[in-house]
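Structure first, then comments.
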Amino acid sequence: MGKIILTGDRPTGRLHIGHYVGSLRRRVELQNSGKFDKIFVMIADAQALTDNADNPEKVRQNIIEVALDYMSCGLDPEKTTIFIQSQVSELTELTFFYMNLVTVQRLQRNPTVKQEIQLRGFSDSGEENKAGTPVGFFCYPISQAADITAFKADTVPVGEDQEPMIEQTREIVRKFNSTYGETLVEPEIMLPDNAACLRLPGTDGKAKMSKSLGNCIYLSDSAEDVWAKVKSMYTDPGHLQVSDPGKVEGNTVFTYLDAFCKPEHFAKFREAFIGKKVSFEFNSLDEVKDQYRKGGLGDMMIKNFLNSVLNDTLEPIRTRRKELEKNLPYVYEVLRKGSDTARAVAAETLADVKRSMRINYFDPGVLEALIKEQEEKYK
Ligand code: TRP
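Throughout the sequence shown, residue numbering follows numbering that gives the first Met the number 0, covering 0 to 378 in sequence.
Take a look at the structure:
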């Protein structure tokens, strides 16, 4: 059995730099590492619909945005199968069988689902004008187990918020295998390796980047947009004068530098422009942090450096995105082909599952044996 990756995103918006440091960058590295036999990256439109049933248009519009973001970050359709979840109907069928292996009580204990139900106001059911929790939404961890197991994935690179989903998947796999015989592969989670990347805060310092809070830097933002957002970023509210000592911890600019800054950036960006050109003579992030803590390093200086650092990563992505935007038929063809490939793989697993459950009544050879078995009863 080879090494297989499956991961994906809900297409509810363009991807931002939180997605990039949290998952996209790693996926591209894994893709190019040569250590994996197969890599599947899924645009989870069906999952997105579990809490957007009234707005399928939003999901439909964002499929191409996510595909463009993927490919401009370096996901290569020659090496990675990029596909659309809803086009692989086998996933739904697997979900239906797995539903019998999970209890309502167990789902209710899933911390991510719990939190999301709170966040979306689903928990206020019973009151007037409140919707309650859609059953499909409640069950999405089960559908996620189907996504992962359909491809016999052993490695699932995701953020820490997805940990309960992987745990739930592992439980389903164990339950399935012990009930019906060894069939499914138990996956491992692969968390981001850089602590700053576990969850990149929003530009306002709030815990999470989120479209509704308007605190995201998108991969598709122009250089001007990025600078405007960096300029208004949350730093240390106690750092009023350049000469004041500043705090690095909880300072969003430094959190972003931790996530994006590379050693070569210090030689590359020796100058900053803060109304006038000034020099930025540091050789490591630790040196910058020390100076900031002592005092004498202004927020505009570090924001300027961060802007250069960010654009160093974002510019090539922007350029590739522009090219792909001019060639949408190609991008849709990648998705169509990817979905075909994915469907063929998922169909094999579904066949295995049905065989293990012995609900493969019409498989070659099976029907004859079944008839014989039943005829015994009526002899
Ligand atoms: N739940 C993931 C997200 O919020 C998307 C997703 C759906 C996924 N199915 C998956 C991720 C399977 C990893 C594996 O973005």
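All C-beta atoms in this analysis are idealised placements derived from N, C-alpha and C, irrespective of residue type, glycine included.
On the criterion of 16 or more Cβ atoms from any shown chain inside 10 Å, does residue i qualify as buried, or is it exposed?
i	result
P236	exposed
S22	buried
V103	exposed
Q167	buried
G120	exposed
V272	According to the sequence shown, residue 272 is Phe rather than Val. Exposed, by the Cβ-count rule.
R269	exposed
R59	exposed
K288	buried
S307	buried
S221	exposed
E64	buried
P140	buried
Can we count residue i as close to ligand 2, meaning its CB is less than 8 angstroms from some heavy atom?
i	result
A66	Ligands in the displayed structure: ligand 1; ligand 2 is not one of them.
Looking at the secondary structure, which residues open and close the beta strand (DSSP E) in which residue i lies?
i	result
F272	270-272
E187	187-189
G7	3-8
V277	276-278
G155	Per the sequence shown, residue 155 should be read as Val rather than Gly. It spans 154-156 - the beta strand (DSSP E) in which V155 sits, taken as one unbroken run.
By Cβ distance below 8 angstroms, which residues in the same chain neighbour residue i in space, the five residues on each side in sequence not counted?
i	result
N359	A350, K353, V365
F35	G1, K2, I3, I4, L29, T154
S242	G294, G295
A52	P133, G135
S105	First, the amino acid is wrong: residue 105 is Arg here, not Ser. Excluding positions up to five away in sequence, the list reads Q167, E170.
Leaving out the 5 sequence neighbours to the left and right, which residues in its chain are closer than 6 angstroms to residue i when beta-carbon positions are compared?
i	result
T202	N214, K228, M232
V87	A341, R342, A345
T132	I116, F121
K151	I3, V184
K246	D235
Kindly indicate the opening and closing residues of the alpha helix (DSSP H) around residue i.
i	result
P163	162-179
K376	365-376
P315	298-324
L256	251-259
R335	327-356
R292	284-293
A206	A206 -> no alpha helix (DSSP H), and no H or E assigned at all.
V225	222-230
I216	Unbroken run through I216: none, as it is neither H nor E.
Q143	139-149
Quick test of your reading: residue i and residue j, contact by CB under 8 angstroms. State the CB separation rounded to the nearest angstrom.
i	j	result
Q84	I42	6 angstroms
S442	R320	No information on residue 442 is available, as it lies outside the stretch 0 to 378 that the chain covers here.
D44	P10	6 angstroms
Whose C-beta lies closer than 7 angstroms to the C-beta of residue i among residues of the same chain, with five residues either side of it excluded?
i	result
T182	F175, N176, D351, V352, S355
L67	R320, L323, E324, V330
E162	I188
Please give me, in chain order, every unbroken run of the beta strand (DSSP E) with length at least 3 that falls completely inside the stretch 17-79. You should have 37-42.
Which ranges does the alpha helix (DSSP H) cover as unbroken runs of at least 4 residues, wholly within the stretch 85-137, from first to last along the chain? Runs of the alpha helix (DSSP H) lying entirely within the stretch 85-137, each at least 4 residues long, are 89-97, 103-108, 110-118, 134-137 in chain order.
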